[in-house]
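Asks: Dropping the structure in here first, questions after.
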Amino acid sequence: MLASVGFAVAYALRADTQVLGTGLFLALACAAFAFAVWAKQLLAPEEVCEEREPLPGPEGAREEIARAFGGERDPLARNRVLAGLVAGAAALFGIAVLFPLRSFGRNPAGYRNRTSWKAGLRLVRDDGTPVRADELAIGSVLTAFPDGHVEDADAQTLLIRVPPDALELSGQNLGVAPRGYVAYSKVCTHAGCPVGLYRQASQQLLCPCHQSAFDILDGAKPVSGPAARALPQLPIRIDEAGYVVALGDFLAPVGPDSWERP
Amino acid sequence: MGAAVIVRRAVLWLDDRLAIAPFLQHALRKAFPDHWSFMLGEIAAYCYLILVATGIFIGLAFDPSGTTKVYHGTYRPLEGQTVSAAYASTVSMSLAMTGGLLVRQMHHWAANVFLAAIVAHGSRIFFTGAFRKPREINWLIGVTLILLAMGAGFTGYSLPDDMLSGTGLRIAISVGLSIPFVGAWLTGLAVGGPWPQPELTGRLFFLHVFLLQALIATAIGTHVAIIWRQKHTQFRGPGRTADNVVGSPLWPHYAFKSIALGLAVAAAVAMLGAFAEINPVWQYGGYKPAIVASPAQPDWYVGWLEGALRLWPPWSLHVFGHMIPAIFFPGVCLPMLYFGTVYAWPFIERALTRDRARHELLNHPFEVPWRTGAGVAALTFVAVLELAGSDDVFARFLHVPVEGLLLTYRILALALPVVAGALALSISRELGKRHQHPGERSGTTAIIVRNARGGYDAMEKPS
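Structure, rendered in structure tokens:
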């Protein structure tokens, strides 16, 4: 009882979490102790013995039930055709009431497999400032979005600068990664986490959720962990003013896979 | 007028109207077997009461909205930042409201203890064979309760819309996306469009505070009602047969013991809530799709699924121009297979042993070595996955590359359950050979009768 008063006073004084919690603990623990002592010391031990009820129910009642369900007193069992119609109607109704669920979202074909990236859109930071190529030192990385679409989670991109001739990309992919600047989707192809860790020594991107590692120099192909597919590359160029600009959408679908992707 | 007199009057008042005396007379003398392992389920039930009580407080203080606003409040680092209303109200509740953090931390801790108690209780039921006929229905409800509690836990810690919870939801959505045929539609309708959508918070709130709680409360009510109807199982012992239950009467002995336990659980949760920091969302920051913390760890009951996602190799399946992504196997198949087996266990065991009899007396774990072996193997498998779920934390702690740990865990996940299961099997066999059942050891083996000449005769125990 004292502890309860203490808790109330502590609350009135706007006390810390720890003080309040200790008050609550003391109030509860003292009461628990009191009941435990009462049960153990003050009550004379007593044992009761109950008989179990027999299983199953009495035979007469069971026969009665069997007649009512599936037996001669069951209208559904006597008229198979009508019973079939009832079952069919119930099943169709069950399917029909699922249709309004469609209103909870859009057709995924409208947004899956494409992002806001378009040819000519500048790479900008999450505060909207455009990225100039010379702001990025060799061996560094920054997160970029399409200009005007910083809210598009599927468009998040990692812009990485490596030594110019270190990239081991094939001709087409190399052409859209100018002077050692290469851009990959930041959405992990495994479970959609942002691939947020950069291992500079081994030139790898590491997903902090499930430790998939991707080789930056070799097209962001997975080299370790559960991811099965490379991070899609964003084709970029550096314009006359020195800004980094997209040449189009990602070269492959972004993010975790599903049934529709062969 | 004392409290006891008030209760007596209330009971008699009700009896005047509902004739409850015969029921109460019977109920108060109900026998509760005295064994510590029978209290595990009660710990879970008391945790649920704590969760409801603290949940009411949190529910009134929380703003379940994903719409953004500019934070103004006592937490300086967040001042002027644009965050969701859900996140802002969670931070305010924790840092500006007296007692708010205590209640929030008690709620989160109670959820963790709730699931731990359910799993411990379920293991007790499994290893003592308490799921056998006629208790299969309660086994199915119990397993359903684990799933519902996991769902309530996951939706609960997803609500604050902080960085950790947003990342967890993103992973869950990616797992849903991998389901053949329906994945994209299913997750699209759940989220409401491309990830992320502000209405998701409101949907999670409805699931967490209403739908899941209605289901959990119904399941717990049915679970207890069935126990009441079928009566408890008991271990073998003197005077204990398949046809009776021996134990403390509900009133007053058992009620006092149980109240003491409930208060002790609440006291422990209060202590944890006061001193053990849990989910400090203000440190994580609000959810932004392009930012993630490292290391990121879910609550323990989700950790084993996280571990499965990390361990499964990048094996996708391509079929007729479609694909089944690699994440489908550890994310959907594995838990379905696992829980499917757990659900079906009473029926699997029935099919294997052809035992269709009613069982009211419990096994000691060593009495059925193959069941004990299977249970130990299943628990070991989950334990390895749980460890693998924090492999990056261990890698950092041990200063080893995470790739090496990954290979170790992949091998352990396959090998350790077999080893542990076999070990449990042979230990059980050995114990079964050496020992009799402890209850039988102390039981009556012979009856001594004084004969007419003043001597003593020993009679065999009538069976």
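Chains as they are written, first to last, in our numbering: chain A, 1 to 262; chain B, 1 to 463. Beta carbons are placed, not taken as given, at the ideal position from N, Cα and C, and that holds for glycine.
I need the straight-line Cα distance from B:Gln197 to B:Gly66, nearest angstrom please.
Replies: To locate residue 197 of chain B, count along the second sequence from 1; it is residue 197. To locate residue 66 of chain B, count along the second sequence from 1; it is residue 66. So the alpha carbons of these two residues sit roughly 8 Å apart.
Asks: Can you find at least 3 beta carbon pairs, one from the stretch 163-182 of chain A and one from the stretch 195-215 of chain B, that sit closer than 8 Å?
Replies: Output reads no: the stretch 195-215 of chain B does not touch the stretch 163-182 of chain A.
Asks: Between A:Ala10 and B:Ala274, what straight-line distance do the alpha-carbon atoms span, to the nearest angstrom?
Replies: Counting from 1 along the first sequence, the entry for residue 10 of chain A is found at position 10. Counting from 1 along the second sequence, the entry for residue 274 of chain B is found at position 274. Each residue's Cα considered, the two are about 13 Å apart.
Asks: With a 10 Å radius around its C-beta and 16 neighbouring C-beta atoms as the bar for buried, classify A:Gln200 as buried or exposed.
Replies: Here residue 200 of chain A corresponds to residue number 200 of the first sequence, with the count starting at 1. Result: exposed.
Asks: Inspect the beta-carbon positions of B:Tyr75 and B:Leu95 and report whether they are closer than 8 Å.
Replies: Start at 1 with the first residue of the second sequence, and residue 75 of chain B comes out as number 75. Start at 1 with the first residue of the second sequence, and residue 95 of chain B comes out as number 95. Yes; because the gap between Cβ atoms is below 8 Å, this pair is in contact.
Asks: So, do the stretch 42-53 of chain B and the stretch 249-267 of chain B have three or more beta carbon pairs nearer to each other than 8 Å?
Replies: They touch, by the three-pair rule.
Asks: Let's test the definition: count the other Cβ atoms within 10 Å of the Cβ of B:Tyr456 and tell me whether it reaches 16, buried, or not, exposed.
Replies: Here residue 456 of chain B refers to the residue found at position 456 when the second sequence is read from its first residue. Looking at its Cβ environment, which holds fewer than 16 other Cβ atoms inside 10 Å, B:Tyr456 is exposed.
Asks: Is it right to say B:Trp228 is buried, meaning 16 or more other beta carbons lie within 10 angstroms of its own, or is it exposed?
Replies: In the second sequence, the residue the question calls residue 228 of chain B occupies position 228. Answer is exposed; the Cβ neighbour count stays below 16.
Asks: Quick check: B:Gly239 and A:Cys49, are their CB atoms within less than 8 Å of each other?
Replies: As a working note, residue 239 of chain B is residue 239 in the second sequence. As a working note, residue 49 of chain A is residue 49 in the first sequence. Yes, these two residues count as a Cβ contact at 8 Å.
Asks: How many whole angstroms separate the CB atoms of B:Lys133 and B:His359, which I take to be in contact at a CB cut-off of 8 Å?
Replies: As a working note, residue 133 of chain B is residue 133 in the second sequence. As a working note, residue 359 of chain B is residue 359 in the second sequence. Confirmed, Cβ separation roughly 6 Å.
Asks: Take B:Phe131 and list the residues in its own chain whose beta-carbon comes closer than 6 Å to its own, dropping the five residues that flank it on each side.
Replies: Within the second sequence, residue 131 of chain B is the residue found at index 131, counting from 1. Same-chain partners within the cutoff: Ile125, Trp139, Pro346.
Asks: On the DSSP letters alone, give me the boundaries of the alpha helix (DSSP H) that B:Arg104 sits inside.
Replies: Translated into positions along the second sequence, residue 104 of chain B becomes position 104. Taken as a continuous stretch (DSSP letters only), the alpha helix (DSSP H) holding B:Arg104 covers 100-127.
Asks: According to DSSP, is A:Arg161 part of a helix, a strand, or is it coil?
Replies: Here residue 161 of chain A corresponds to residue number 161 of the first sequence, with the count starting at 1. In the structure shown, A:Arg161 sits in a strand (DSSP, three-state: E or B).
Asks: By a C-beta neighbour count over all protein chains shown, 10 Å radius and 16 as the cutoff for buried, is B:Trp315 buried or exposed?
Replies: Translated into the one-based positions of the second sequence, residue 315 of chain B becomes position 315. Burial call: exposed.
Asks: Have a look at A:Arg114 and A:His149 and give me their C-alpha separation to the nearest angstrom.
Replies: Along the first sequence, one-based indexing puts residue 114 of chain A at 114. Along the first sequence, one-based indexing puts residue 149 of chain A at 149. Rounded to the nearest angstrom, the two C-alpha atoms are 13 Å apart.
Asks: Residues of the stretch 362-396 of chain B with a CB closer than 9 Å to any CB of chain A: list them in chain order, please.
Replies: So the list reads Asp391, Asp392, Ala395, given in the order they occur along the chain.
Asks: With a Cβ-Cβ cutoff of 8 Å, do A:Gly180 and B:Leu406 count as a contact?
Replies: Here residue 180 of chain A corresponds to residue number 180 of the first sequence, with the count starting at 1. Here residue 406 of chain B corresponds to residue number 406 of the second sequence, with the count starting at 1. No, they are not a contact pair.
Asks: Please report the distance separating the alpha-carbon of B:Ala10 from that of B:Pro252.
Replies: Indexing the second sequence from 1 puts residue 10 of chain B at position 10. Indexing the second sequence from 1 puts residue 252 of chain B at position 252. When rounded, the distance between both Cα atoms is 18 Å.
Asks: Please determine if the stretch 287-295 of chain B and the stretch 154-169 of chain B are in contact, where contact requires at least 3 C-beta pairs separated by less than 8 Å.
Replies: Yes, they touch.
Asks: Which class does B:Val11 belong to by DSSP, given the choice of helix, strand or coil?
Replies: Residue numbering aside, residue 11 of chain B sits at position 11 when the second sequence is read from its first letter. The answer is helix: DSSP assigns B:Val11 an H, G or I state.
Asks: Could you tell me the distance, in whole angstroms, from the CA atom of B:Ser248 to the CA atom of B:Lys231?
Replies: As a working note, residue 248 of chain B is residue 248 in the second sequence. As a working note, residue 231 of chain B is residue 231 in the second sequence. B:Ser248 and B:Lys231: Cα-Cα distance of roughly 13 Å.
Asks: Pick out whichever of B:Glu136, B:Ala19, B:Lys257 has its Cα sitting closest to the Cα of B:Ile348.
Replies: In the second sequence, residue 348 of chain B corresponds to position 348, counting from 1. Selected option, being the one with the closest Cα: B:Glu136.
Asks: Name the residues in the stretch 98-114 of chain A whose C-beta lies less than 7 Å from a C-beta of chain B; which are they?
Replies: The residues in question are Leu101, Phe104, Gly105, Arg106, Pro108, Tyr111, Arg112.
Asks: Which value, in whole angstroms, describes the spacing of the CA atoms of B:Ser178 and B:Leu186?
Replies: Counting from one through the second sequence, the residue named residue 178 of chain B turns up at place 178. Counting from one through the second sequence, the residue named residue 186 of chain B turns up at place 186. B:Ser178 and B:Leu186: Cα-Cα distance of roughly 10 Å.
Asks: How many whole angstroms separate the CB atoms of A:Gln211 and A:Lys186, which I take to be in contact at a CB cut-off of 8 Å?
Replies: Working through the first sequence from its first residue, we reach residue 211 of chain A at position 211. Working through the first sequence from its first residue, we reach residue 186 of chain A at position 186. Not quite, the Cβ-Cβ distance comes to about 16 Å (not below 8 Å), so this is no contact.
Asks: Counting contacts by CB-CB distance shorter than 8 Å, is A:Ser258 in contact with chain B?
Replies: As a working mapping, residue 258 of chain A is identified with position 258 in the first sequence. Interface residue, yes.
Asks: When you compare the CB positions of B:Ala357 and B:Pro417, do they come within less than 8 Å of one another, or not?
Replies: Locating residue 357 of chain B in the second sequence gives position 357, where the first residue counts as 1. Locating residue 417 of chain B in the second sequence gives position 417, where the first residue counts as 1. No, the pair does not count as a contact, with Cβ atoms beyond the cut-off.
Asks: Mind reading off the beta-carbon distance from A:Gly196 to B:Arg170? Whole number of angstroms is fine, and I expect it under 8 Å.
Replies: The residue given as residue 196 of chain A occupies position 196 in the first sequence. The residue given as residue 170 of chain B occupies position 170 in the second sequence. No, A:Gly196 and B:Arg170 are not in contact; Cβ-Cβ is about 13 Å, not under 8 Å.
Asks: Return the CA-CA distance between A:Ala12 and B:Ala270, expressed in angstroms with no decimal places.
Replies: One-based indexing of the first sequence puts residue 12 of chain A at position 12. One-based indexing of the second sequence puts residue 270 of chain B at position 270. Rounded to the nearest angstrom, the two C-alpha atoms are 18 Å apart.
Asks: I want to verify the contact list: residues of chain A whose CB lies under 9 Å from the CB of B:Pro257, in sequence order.
Replies: Numbered from its first residue, the second sequence carries residue 257 of chain B at position 257. Checking the sequence shown, residue 257 of chain B turns out to be Lys, not Pro. Within chain A, the residues near B:Lys257 are Phe35, Ala36, Ala39, Lys40.
Asks: Report all residues from its chain with a CB closer than 7 Å to the CB of B:Pro325; omit the five preceding and five following residues, and keep chain order.
Replies: Taking the first residue of the second sequence as 1, we reach residue 325 of chain B at position 325. For B:Pro325, where only same-chain residues beyond five positions count, the Cβ hits under 7 Å are Ser178, Ser316.
Asks: Helix, strand or coil for A:Glu51, going by three-state DSSP, please let me know.
Replies: Position 51 of the first sequence holds residue 51 of chain A. It is a strand residue.
Asks: Return the bridge partner residues of A:Ala213 from the DSSP annotation.
Replies: Within the first sequence, numbered from 1, the residue matching residue 213 of chain A stands at position 213. Paired residue(s): A:Leu206, A:Ser224.
Asks: Below 6 Å CB to CB, which residues in the same chain sit around A:Glu53 once its five sequence neighbours on both sides are set aside?
Replies: Locating residue 53 of chain A in the first sequence gives position 53, where the first residue counts as 1. Same-chain partners within the cutoff: there are none.
Asks: Within its chain, find whatever has a CB closer than 6 Å to the CB of B:Leu385; leave out the 5 residues flanking it on each side and keep chain order.
Replies: Stepping through the second sequence from its first residue, residue 385 of chain B is reached at position 385. Answer for B:Leu385: Trp304, Gly307, Ala308, listed in chain order.
Asks: Report buried or exposed for B:Ala272, applying the criterion of at least 16 other Cβ atoms within 10 angstroms of its Cβ.
Replies: Position 272 of the second sequence, counted from the first residue, corresponds to residue 272 of chain B. The identity of residue 272 of chain B in the sequence shown is Leu, whereas the question assumes Ala. Buried, by the Cβ-count rule.
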